[in-house]
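Since the structure comes first, as structure tokens, the remarks are kept for the end.
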Amino acid sequence: MEVPRPMGVERTQSAGRSSIVSRLATWTENLSEQTYALLLLAPGFLILLLFAFWPLASSFRMSFFEDVIVGPESLGGFVGLENYVSLLTDSNPFATLTFLDPAMETPILQQALILTLLFAIISVAGETLLGFAYAMLMKAEYRGQRLVRVLIIIPWAIPIVIQGMIFFLLFRPGYGLLTGPLHQLGIFSQLPLGDAFSGFVIVTVADIWKTSAFMALLILAGMESVNQDLYEVADVMGASTWQRFRYITFPLVFPALMVAMLFRTMGALRVYGIIESTGVGCSTVPSMTCLVTEFTFGSTTLYGSAAAVSVLIAITVGVFISVYLLFIRYSNQSLGLT
Amino acid sequence: MSIDAQDHDDAETLDDQDEESKNRVQAWAADWIRNPQKAYAVMGVFMGGVLLATTLFPLYWLFAVAMAPPGQTNIPLIPTEIDLYAFVDIFQQVPFARYMFNSLFYATTVTVVVIIVASLAGYAFGRLNFRGKLPLLFSLLVLSWFPPATLFLPLFRAFNQQVKMLGLFMLPAEIYGTPGAVIAPLSAFTMPLAVFILMTFYAQIPDGLEDAARVEGSTRIGALFRVIMPLSAPGVATAGILTFITVYTEFFFSFLMTGDAASEWAPIVNGVLAFQSRYTVRYDLQAAASLVAIVPVAILVVLAQDKIVSGLTQGALKE
Numbered sequence: 001m002e003v004p005r006p007m008g009v010e011r012t013q014s015a016g017r018s019s020i021v022s023r024l025a026t027w028t029e030n031l032s033e034q035t036y037a038l039l040l041l042a043p044g045f046l047i048l049l050l051f052a053f054w055p056l057a058s059s060f061r062m063s064f065f066e067d068v069i070v071g072p073e074s075l076g077g078f079v080g081l082e083n084y085v086s087l088l089t090d091s092n093p094f095a096t097l098t099f100l101d102p103a104m105e106t107p108i109l110q111q112a113l114i115l116t117l118l119f120a121i122i123s124v125a126g127e128t129l130l131g132f133a134y135a136m137l138m139k140a141e142y143r144g145q146r147l148v149r150v151l152i153i154i155p156w157a158i159p160i161v162i163q164g165m166i167f168f169l170l171f172r173p174g175y176g177l178l179t180g181p182l183h184q185l186g187i188f189s190q191l192p193l194g195d196a197f198s199g200f201v202i203v204t205v206a207d208i209w210k211t212s213a214f215m216a217l218l219i220l221a222g223m224e225s226v227n228q229d230l231y232e233v234a235d236v237m238g239a240s241t242w243q244r245f246r247y248i249t250f251p252l253v254f255p256a257l258m259v260a261m262l263f264r265t266m267g268a269l270r271v272y273g274i275i276e277s278t279g280v281g282c283s284t285v286p287s288m289t290c291l292v293t294e295f296t297f298g299s300t301t302l303y304g305s306a307a308a309v310s311v312l313i314a315i316t317v318g319v320f321i322s323v324y325l326l327f328i329r330y331s332n333q334s335l336g337l338t
Numbered sequence: 001m002s003i004d005a006q007d008h009d010d011a012e013t014l015d016d017q018d019e020e021s022k023n024r025v026q027a028w029a030a031d032w033i034r035n036p037q038k039a040y041a042v043m044g045v046f047m048g049g050v051l052l053a054t055t056l057f058p059l060y061w062l063f064a065v066a067m068a069p070p071g072q073t074n075i076p077l078i079p080t081e082i083d084l085y086a087f088v089d090i091f092q093q094v095p096f097a098r099y100m101f102n103s104l105f106y107a108t109t110v111t112v113v114v115i116i117v118a119s120l121a122g123y124a125f126g127r128l129n130f131r132g133k134l135p136l137l138f139s140l141l142v143l144s145w146f147p148p149a150t151l152f153l154p155l156f157r158a159f160n161q162q163v164k165m166l167g168l169f170m171l172p173a174e175i176y177g178t179p180g181a182v183i184a185p186l187s188a189f190t191m192p193l194a195v196f197i198l199m200t201f202y203a204q205i206p207d208g209l210e211d212a213a214r215v216e217g218s219t220r221i222g223a224l225f226r227v228i229m230p231l232s233a234p235g236v237a238t239a240g241i242l243t244f245i246t247v248y249t250e251f252f253f254s255f256l257m258t259g260d261a262a263s264e265w266a267p268i269v270n271g272v273l274a275f276q277s278r279y280t281v282r283y284d285l286q287a288a289a290s291l292v293a294i295v296p297v298a299i300l301v302v303l304a305q306d307k308i309v310s311g312l313t314q315g316a317l318k319e
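Protein chains in written order, with our numbering: chain G, 1 to 338; chain C, 1 to 319.
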């Protein structure tokens with residue numbers, strides 16, 4: 001952290017710089033609270049304006065313009081909602097990409113949407129269950145608790161590309177540790193990374209492995225905010241372990257759990273890195289984000305369509321957020337909270 | 001409990017001869033039935049062991065693969081020999097040290113930028129009253145909900161294809177392939193959470209301390225950097241660590257906004273993937289490189305686990 005030296009020291013050392021600094025400082029002294037606040041917010045919001053708000057607006061605008069496959073210009077004329085309509089209904093306008101449906105009859109976006117939703121639901125459900133278990137393991141008091149906490153958190157801090165590499169090495173064709181056994185059981189094909197079903201399972205398991213810790217940390221916070229006296233009362237009244245969980249832990253952790261699930265759902269809906277880095281690849285398990293990159297970097301550049309997909313991802317995320325927020329409000333009312 | 005008793009009955013019929021062990025099993029079962037807490041404790045330890053094993057096994061496998069001699073494809077679960085040469089080789093086959101440096105450079109720079117800028121914003125949001133506070137905070141919250149893919153295409157074109165930003169000005173040509181192409185979007189992407197964390201910490205500092213500093217002759221800005229920030233050191237550390245880990249582990253921008261070569265500022269994403277494409281049979285190198293790249297974050301988690309726990313919970317649950 002850069003802590004500027006005290007004014008006085010600076011003044012004695014470099015007269016030229018200090019006069020500017022002190023003049024600036026004096027100038028800020030005389031600002032109203034309103035102006036001063038906006039001045040402090042300016043650098044942050046300038047960065048956000050250039051690298052977040054502008055790109056968002058620009059993506060939105062680009063999604064209404066025609067794809068231009070040949071020629072120097074990458075965007076054509078204004079076509080309104082045409083990109084969205086063709087993405088949602090055309091059987092498959094992009095012959096190079098077949099993805100899940102080799103017959104090319106299902107619109108490509110539908111395939112990606114279904115796959116992304118399935119991924120989000122399954123992985124968040126798995127992470128919630130495991131997260132609860134990890135949270136209990138982190139909460140319990142015993143010798144070596146700090147070590148256990150570190151071991152649980154580490155997967156969360158591992159770069160996505162390495163998470164992918166780990167699962168690539170576990171499932172690589174032929175010799176991966178789990179490739180043979182799972183093939184013999186008839187669950188996976190011999191090349192699990194190149195098969196849509198096996199690839200999907202691998203990506204989902206990899207995601208659950210890495211992000212359960214995040215879920216656990218948020219649930220743990222919820223657990224630690226529960227008033228411990230309640231458990232003493234429960235003990236006095238002879239509640240069983242299950243009853244303690246069902247009537248104290250679960251309802252009181254519920255709000256934190258909802259927030260954790262919301263965060264993880266938002267993360268799962270943008271899944272991309274783990275698909276690429278396991279070697280499964282976007283052509284085997286095409287998520288929504290995969291479509292954006294395929295349309296941007298693929299053999300034909302389809303900027304208008306890519307922008308339309310990216311807006312559709314944001315809309316999907318928005319729908320989920322609204323559902324969660326409504327559900328949280330509804331359950332708070334029915335639990336008599338708020 | 002009844003399940004334990006059942007198991008025990010089966011065991012009894014199976015080895016009638018072993019009287020002593022039968023008695024011991026019987027004693028356990030009886031003890032557990034009388035005292036269910038004990039059974040729960042045993043079950044808890046067992047479940048905990050299973051959970052930890054599932055977390056750690058993939059990492060262990062990385063180690064087992066790294067140990068295997070080069071060219072060996074069928075890797076045993078337990079290494080037959082300890083061969084650490086792969087850990088040296090990764091730095092010779094590929095400029096892996098440079099890839100690591102690039103990643104650490106991105107993570108450090110973004111962290112410094114975000115902490116300074118988010119501190120100013122966090123101070124304004126946490127300690128000042130001004131018109132437009134709620135709408136601006138809300139815009140930050142909404143921004144944090146957008147997926148990176150929605151920001152990506154315009155930024156990619158602005159960095160790479162001379163498209164005017166905001167319709168007003170062009171960035172210098174060839175910014176793609178310089179650190180800025182990764183640092184700028186990731187700073188914007190990680191800023192909202194840092195602002196939320198710092199805002200809550202800064203708001204907790206009593207007004208009296210700031211007033212005292214001002215009476216002592218400190219300027220407004222000086223009070224922020226000399227009084228508020230040091231007093232909120234745990235919060236600043238938390239926001240910094242979370243930002244660092246987010247950037248270091250990030251894939252999307254790190255992968256798509258950079259070239260492949262280490263000399264062109266490619267991060268470990270490309271470094272690790274370089275082994276995957278170039279040396280398809282050198283699994284030992286892939287695993288060794290992965291383990292080396294985990295070291296910085298592993299150290300951070302060991303040193304700062306409390307900060308991570310408190311930071312995620314305070315930043316994320318304040319909504």
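Ideal Cβ positions, reconstructed from N, Cα and C, are used throughout, including at glycine.
In terms of alpha-carbon separation, which member of the options lies closest to residue i?
i             : options                    : result
residue 263/G : 144/C, 288/C, 44/C         : 144/C
residue 259/G : 277/G, 328/G, 235/G        : 328/G
residue 174/C : 257/C, 142/C, 124/C, 226/C : 257/C
residue 292/G : 201/G, 26/G, 109/G, 30/G   : 109/G
residue 62/C  : 222/C, 302/C, 303/C, 282/C : 282/C
residue 39/G  : 139/C, 120/C, 298/C        : 120/C
residue 173/G : 304/G, 310/G, 280/G        : 280/G
residue 169/G : 143/G, 202/G, 195/G        : 202/G
Quick one: Cα of residue i to Cα of residue j, how far?
i             : j             : result
residue 121/G : residue 273/G : 18 Å
residue 201/C : residue 232/C : 6 Å
residue 387/G : residue 28/G  : Coverage of chain G is limited to positions 1 through 338, which leaves residue 387/G absent and any answer about it impossible.
residue 136/C : residue 53/G  : 12 Å
residue 146/C : residue 315/G : 9 Å
residue 309/C : residue 221/G : 8 Å
residue 95/G  : residue 171/C : Because the pLDDT at residue 95/G is just 44, under 50, the model does not fix this residue reliably, and the point stays unresolved.
residue 165/C : residue 155/C : 8 Å
residue 253/G : residue 55/C  : 24 Å
residue 300/C : residue 185/G : 40 Å
residue 179/G : residue 188/C : 41 Å
residue 306/G : residue 64/G  : 11 Å
residue 227/G : residue 21/G  : 50 Å
residue 127/G : residue 60/G  : 32 Å
Just to confirm the assignment, what range does the beta strand (DSSP E) spanning residue i have?
i            : result
residue 76/G : 75-78
residue 65/G : 65-67
Can you give me the start and stop residues for the alpha helix (DSSP H) that residue i sits inside?
i             : result
residue 266/C : Where residue 266/C is concerned, there is no enclosing alpha helix (DSSP H), given that its DSSP letter is neither H nor E.
residue 150/C : 148-160
residue 167/G : 160-171
residue 243/G : 241-244
residue 144/G : Segment: none, residue 144/G is in no alpha helix (DSSP H) and carries neither H nor E.
residue 43/C  : 36-67
residue 203/G : 196-224
residue 123/C : 96-127
residue 207/C : 207-215
Cβ atoms of residue j and residue i: under 8 Å apart, would you say?
i             : j             : result
residue 290/C : residue 208/G : no
residue 238/C : residue 311/C : yes
residue 293/C : residue 268/C : yes
residue 262/C : residue 102/C : yes
residue 249/G : residue 215/G : no
residue 240/C : residue 111/C : yes
residue 195/C : residue 153/C : no
residue 313/G : residue 296/G : no
residue 324/C : residue 243/C : Because chain C here runs from 1 to 319, residue 324/C falls outside it and cannot be looked at.
>> Under 8 Å, CB to CB, which of the residues in the segment 55-71 of chain G have a partner in chain C?
In response: 55, 56, 58, 59, 62
> Using Cβ-Cβ distances below 9 Å, what residues of the segment 224-253 of chain G are close to chain C?
Replying inline: 224, 225, 240, 241
>> Closer than 9 Å between beta carbons: that is the criterion. Which residues of the segment 242-253 of chain C meet it against chain G?
In response: 245, 248, 249, 250, 251, 252
> the segment 303-314 of chain G: which residues have C-beta closer than 7 Å to a C-beta of chain C, in chain order?
Replying inline: 303, 306, 307, 310, 311, 313, 314
>> For the segment 270-281 of chain G, list every residue whose C-beta sits within 9 Å of some C-beta in chain C, in sequence order.
In response: 270, 272, 273, 274, 276, 277, 279
> What are the residues of the segment 29-41 of chain G that lie near chain C, defined by any Cβ-Cβ distance shorter than 8 Å?
Replying inline: 29, 33, 34, 36, 37, 38, 40, 41
>> Under 8 Å, CB to CB, which of the residues in the segment 72-89 of chain C have a partner in chain G?
In response: 73, 74, 75, 77
> According to a CB-to-CB cut-off of less than 8 Å, which residues of the segment 55-68 of chain C neighbour chain G?
Replying inline: 55, 56, 58, 59, 61, 62, 65
>> If the cut-off is 7 Å on Cβ atoms, which residues from the segment 285-302 of chain G count as contacting chain C, listed in chain order?
In response: 289, 292, 293, 296
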